[in-house]
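A.B. asks:
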Amino acid sequence: MYLCTQFFGKAILNMINITLPDGSVKQIPKGSTALDLAGQISEGLARNVLAAKINGKVVDATLPLTEDADLKLLTWNDTEGKAAMWHSSAHLMAEAIELLYPGVKFGIGPDIENGFYYDIDFMDYEISEKDFPKIEKKILELAKEKQTYQRKAVSKAEALEYFTKKGDEYKLELIQDLEDGEITFYQSGYFTDLCRGPHIPHTGFIKAVKLTKIAGAYWRGDEKRKQLTRIYGITFPKKKELTEYLDRLEEAKKRDHRVLGKELGLFTFSQNVGLGLPLWLPKGAILRERLEQYLKKVQNNAGYQPVITPHIGNVNLYKTSGHYQKYGEESFKPIKTPVEGEEFFLKPMNCPHHCEIFKATPHSYKELPIRYAEFGTVYRYEQSGELHGLTRVRGFTQDDAHIFCTPDQIKSEFNGVIDIVQQIFKAFDFNDVIIQISLRDPKHPEKYIGSDENWEKAENAIKEVAEERGLNAIIEYGEAAFYGPKMDFMVRDAIGRKWQLGTIQVDYNLPERFDLTYIGADNEKHRPVMIHRAPFGSMERFVAVLIEHCGGNFPLWLTPDQAIILPISEKYQKYAENVLHLLKKYEIRALIDDRSEKTGRKIRDAEMKKVPYMLIVGEKEEATGSVSVRKHGEGDLGTFSIESFAEKVNTEISKSLNY
Ligand SMILES: [Zn+2]
Ligand SMILES: [Zn+2]
4 MYLCTQFFGK AILNMINITL PDGSVKQIPK GSTALDLAGQ ISEGLARNVL
54 AAKINGKVVD ATLPLTEDAD LKLLTWNDTE GKAAMWHSSA HLMAEAIELL
104 YPGVKFGIGP DIENGFYYDI DFMDYEISEK DFPKIEKKIL ELAKEKQTYQ
154 RKAVSKAEAL EYFTKKGDEY KLELIQDLED GEITFYQSGY FTDLCRGPHI
204 PHTGFIKAVK LTKIAGAYWR GDEKRKQLTR IYGITFPKKK ELTEYLDRLE
254 EAKKRDHRVL GKELGLFTFS QNVGLGLPLW LPKGAILRER LEQYLKKVQN
304 NAGYQPVITP HIGNVNLYKT SGHYQKYGEE SFKPIKTPVE GEEFFLKPMN
354 CPHHCEIFKA TPHSYKELPI RYAEFGTVYR YEQSGELHGL TRVRGFTQDD
404 AHIFCTPDQI KSEFNGVIDI VQQIFKAFDF NDVIIQISLR DPKHPEKYIG
454 SDENWEKAEN AIKEVAEERG LNAIIEYGEA AFYGPKMDFM VRDAIGRKWQ
504 LGTIQVDYNL PERFDLTYIG ADNEKHRPVM IHRAPFGSME RFVAVLIEHC
554 GGNFPLWLTP DQAIILPISE KYQKYAENVL HLLKKYEIRA LIDDRSEKTG
604 RKIRDAEMKK VPYMLIVGEK EEATGSVSVR KHGEGDLGTF SIESFAEKVN
654 TEISKSLNY
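Take 4 as the starting number for the sequence shown in our numbering and just add one per residue.
1. Check whether the Cβ atoms of Ile-142 and Ala-99 sit closer than 8 Å, and answer yes or no.
2. Tell me where the beta strand (DSSP E) around His-584 begins and ends.
3. Closer than 7 Å: is that where the CB of Met-670 sits relative to any heavy atom of ligand 2?
4. I want to know whether the stretch 156-166 touches the stretch 175-190 - three or more CB-CB distances under 8 Å.
5. Which stretch, first to last residue, makes up the beta strand (DSSP E) that contains Ala-483?
6. Looking at Cys-354 and ligand 2, is the gap between the Cβ and the nearest heavy atom below 7 Å?
7. Decide if Ala-524 is buried, meaning its Cβ has at least 16 other Cβ atoms within 10 Å, or exposed.
8. Can you determine whether any heavy atom of ligand 2 sits closer than 7 Å to the C-beta of Asp-403, and answer yes or no?
9. Using DSSP's beta-bridge definition, name the partner residues of Cys-408.
10. For a test of your reading of the model: does the CB of His-314 fall under 7 Å from any non-hydrogen atom of ligand 2? Yes or no.
11. Which runs of the beta strand (DSSP E), 3 residues or longer, sit entirely within the stretch 355-399?
12. In three-state DSSP terms, what is Ser-92?
13. Just tell me which of Pro-351, Arg-374, Glu-655, Lys-174 has its CA closest to the CA of Ile-360.
14. Compute the Euclidean distance between the alpha carbons of Gln-401 and Ile-19, then round it to the nearest angstrom.
15. Taking 7 Å as the cut-off, does the CB of His-535 come closer than this to any heavy atom belonging to ligand 2?
16. What do you reckon, is the C-beta of Tyr-189 under 7 Å from a heavy atom of ligand 1?
17. So Ser-504 and Gly-540 are supposed to be a Cβ contact under 8 Å. How far apart are they, rounded?
18. What is the DSSP secondary structure of Ile-591, reduced to helix, strand or coil?
19. Let me know the secondary structure DSSP gives Ala-255 once reduced to three states.
20. With a floor of 4 residues, list each alpha helix (DSSP H) that falls wholly inside the stretch 194-280, ordered by position along the chain.
21. Note the first and the last residue of the continuous beta strand (DSSP E) segment covering Asp-127.
22. Does the distance from the CB of Ala-97 to the CB of Tyr-120 come in under 8 Å?
23. Between Lys-180 and the rest of its own chain, which residues show a CB-CB distance below 8 Å, the 5 nearest in sequence each way excluded?
24. On the criterion of 16 or more Cβ atoms from any shown chain inside 10 Å, does Asp-596 qualify as buried, or is it exposed?
25. Might you give, ordered along the chain, the residues of its own chain that have their beta carbon closer than 6 Å to the beta carbon of Thr-642, omitting 5 neighbours on each side?
26. CA-CA distance, Trp-502 and Glu-551?
27. State the CB to CB distance for the pair Asp-114 and Ala-93, rounded to an integer number of angstroms; the pair is presumed to be in contact (CB under 8 Å).
28. Give the straight-line distance between the Cα atoms of Tyr-152 and His-205, rounded to the nearest whole angstrom.
29. Look at the Cβ atom of Gln-508, then the Cβ atom of Lys-489, and state whether they are nearer than 8 Å.
30. Excluding the five sequence neighbours on either side, which residues of its own chain have a C-beta within less than 6 Å of the C-beta of Asp-71, listed in chain order?
31. If contacts are defined as beta-carbon pairs under 8 Å, then Leu-269 and Leu-290 qualify, I think. What distance do you get, rounded to the angstrom?
32. Tell me whether Asn-434 sits in a helix, a strand or coil according to DSSP, three-state version.
33. Does Leu-640 get closer than 8 Å to chain C when you measure Cβ to Cβ?
34. Please report the straight-line C-alpha distance between Glu-515 and Gln-328, rounded to a whole angstrom.
35. So, are the CB atoms of Leu-298 and Lys-286 less than 8 Å apart?
36. I'd like to check one pair, Glu-370 with Val-310: are the Cβ atoms closer than 8 Å?
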């Protein structure tokens with residue numbers, strides 16, 4: 004009996020409990036791996052496991068498990084699974100390159116959002132995109148060998164010895180910065196790398212590869228150091244997925260807002276004005292103005308009050324707000340005045356100005372919430388390499404607003420802002436919205452400003468709002484700013500790309516720094532909470548995302564020209580003008596193509612310019628006071644009286660707008 008218990012006790016001691024994401028618990032022998040566990044569940048799953056997340060940390064699926072843990076198996080369907088695959092692909096590409104170009108040296112090779120890169124010193128070898136097919140072929144050859152990624156802990160001395168022998172000064176420099184005892188190597192096939200991991204079980208998962216780009220990259224991002232060659236690539240577990248990816252890239256190229264913006268005459272840039280400073284052309288300005296009018300109307304209905312503030316502010320304003328400390332060095336240099344020691348800054352944010360507006364008069368709790376809205380233009384000095392069309396610029400206009408409220412009003416204010424955001428997304432056909440809530444890191448409450456009580460109130464309010472509205476939000480702990488929790492809105496566009504747009508951000512910091520107060524029901528001074536919010540983010544970024552989302556086919560209510568009248572000959576010019584005049588009465592934006600071109604040519608050109616409606620007028624139409632309607636991308640809709648056409652357009656518009 005005694006022996007038996009002991010035997011039993013030991014057997015249980017050698018088992019560990021693994022909790023899966025669905026809450027179920029699996030018992031496995033101590034020392035088993037995540038891959039073993041996957042095999043227990045199903046063979047099919049085991050074949051697809053790329054890595055594992057253990058107690059929140061991503062590790063090799065082949066790592067022996069020694070104690071009870073929470074575990075998630077990661078496959079290609081998980082972002083972290085893809086990351087493990089792509090980082091492993093960087094090793095594989097390095098191996099292929101080392102075999103083809105012996106003696107090259109390696110910098111760093113991380114995974115990125117879509118694929119991976121490796122920075123390589125090619126020494127005397129000449130390398131260009133022409134060499135890609137050769138490297139890709141070698142990668143696939145090695146992948147077929149199902150080389151395992153072997154993790155090995157090494158001492159600092161061993162690590163230094165290995166790379167000294169190999170003659171790779173870049174790796175040596177990286178090792179110098181590491182602590183002895185935390186250094187690991189990964190070996191796969193002929194290639195050994197200094198690496199923390201994690202990696203996929205073996206190279207056999209990599210079934211398709213495309214090297215996408217070659218670029219120069221300074222070692223450690225320092226332009227005083229050597230320029231290495233950065234090779235970008237992407238891999239997939241199926242050939243079909245690579246084909247689909249390349250198709251999407253091709254489609255994205257067609258939708259590039261920089262190309263379409265030029266074709267549609269919306270905006271331009273000039274070296275003489277300066278990099279990253281967009282110039283809005285008449286058609287673009289009309290579009291932008293319409294966007295602003297739309298949002299102003301929505302905000303007006305939601306109780307926002309307009310304010311206007313200057314483009315610059317005294318340096319002391321930004322010292323109070325803390326923006327000087329944050330942006331001062333990296334920003335445009337201060338503007339001096341004839342007054343000794345006086346300095347102004349181009350404003351990097353509108354918030355400090357709005358705080359001063361709040362401060363200008365005393366406030367009672369009865370006035371709260373106060374919502375100040377401004378299309379405020381701000382300036383930030385982005386590195387020239389970071390600039391990209393309208394998505395990364397140096398001067399941009401935020402659809403900004405700041406709400407000053409009591410801690411108890413946070414929930415209803417969040418609800419109000421989300422109403423606006425959802426209305427907007429509907430008006431632009433953004434149907435796939437991803438919402439992220441960023442909260443405190445519960446383990447480090449000392450990193451955050453503001454009382455525990457207030458944080459809890461705000462965090463609970465945001466979580467409740469998300470739940471009550473069924474928003475299906477992703478909650479990220481530890482992602483909040485030091486001054487408050489926030490909610491971010493991302494949209495997936497028509498071809499599946501994710502774009503960050505608006506934010507709702509709670510702020511306990513600025514009311515403190517500006518000493519903002521209101522008089523409460525108790526006749527005492529209280530600190531308001533500030534909420535920053537910008538549903539579009541900025542006009543520039545929003546227009547860019549919108550162009551790429553709709554491929555230049557703007558919603559009817561927004562597009563610069565809603566209809567184009569095409570007289571089939573000069574004889575009908577007068578009638579075309581009558582039609583134009585009538586449409587104007589119905590508030591429909593139209594123009595006439597009065598060139599002496601054939602009708603077919605006029606239709607083709609109107610299709611190119613993406614005008615939603617083409618109205619063809621000739622003898623029959625003039626006689627009956629009608630137009631022959633053709634819809635962009637769809638074709639003939641038949642004959643309409645001017646009135647019924649106008650009604651059709653206006654119904655279509657009010658359906659998508661519903662203020
Ligand atoms: Zn690695
Ligand atoms: Zn703000």
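Every residue gets a Cβ at the ideal spot worked out from N, C-alpha and C, and that includes glycine.
C.D. replies: The structure says:
1. yes
2. Careful: His-584 lies outside any beta strand (DSSP E), inside the alpha helix (DSSP H) at 576-588.
3. Nothing can be reported for residue 670, as the shown portion of the chain is limited to 4 through 662.
4. yes
5. Neither: Ala-483 is in no beta strand (DSSP E) and is coded neither H nor E.
6. yes
7. exposed
8. yes
9. Val-532
10. no
11. 373-382
12. helix
13. Arg-374
14. 54 Å
15. yes
16. yes
17. In the sequence as presented, Ser is not what sits at residue 504; that position holds Leu. About 5 Å separates the two Cβ atoms, so the contact holds.
18. coil
19. helix
20. 242-258, 260-266
21. Note, Asp-127: premise wrong, no beta strand (DSSP E); not H, not E.
22. no
23. The sequence given here has Asp at residue 180, not Lys. If we look at Asp-180 and ignore the five residues flanking it on each side, it has no Cβ neighbours.
24. buried
25. Ser-629, Ser-631
26. 10 Å
27. 7 Å
28. 6 Å
29. yes
30. Ile-19, Asn-20
31. 6 Å
32. coil
33. The chain inventory of the structure shown lacks chain C, comprising one protein chain alone.
34. 16 Å
35. no
36. no
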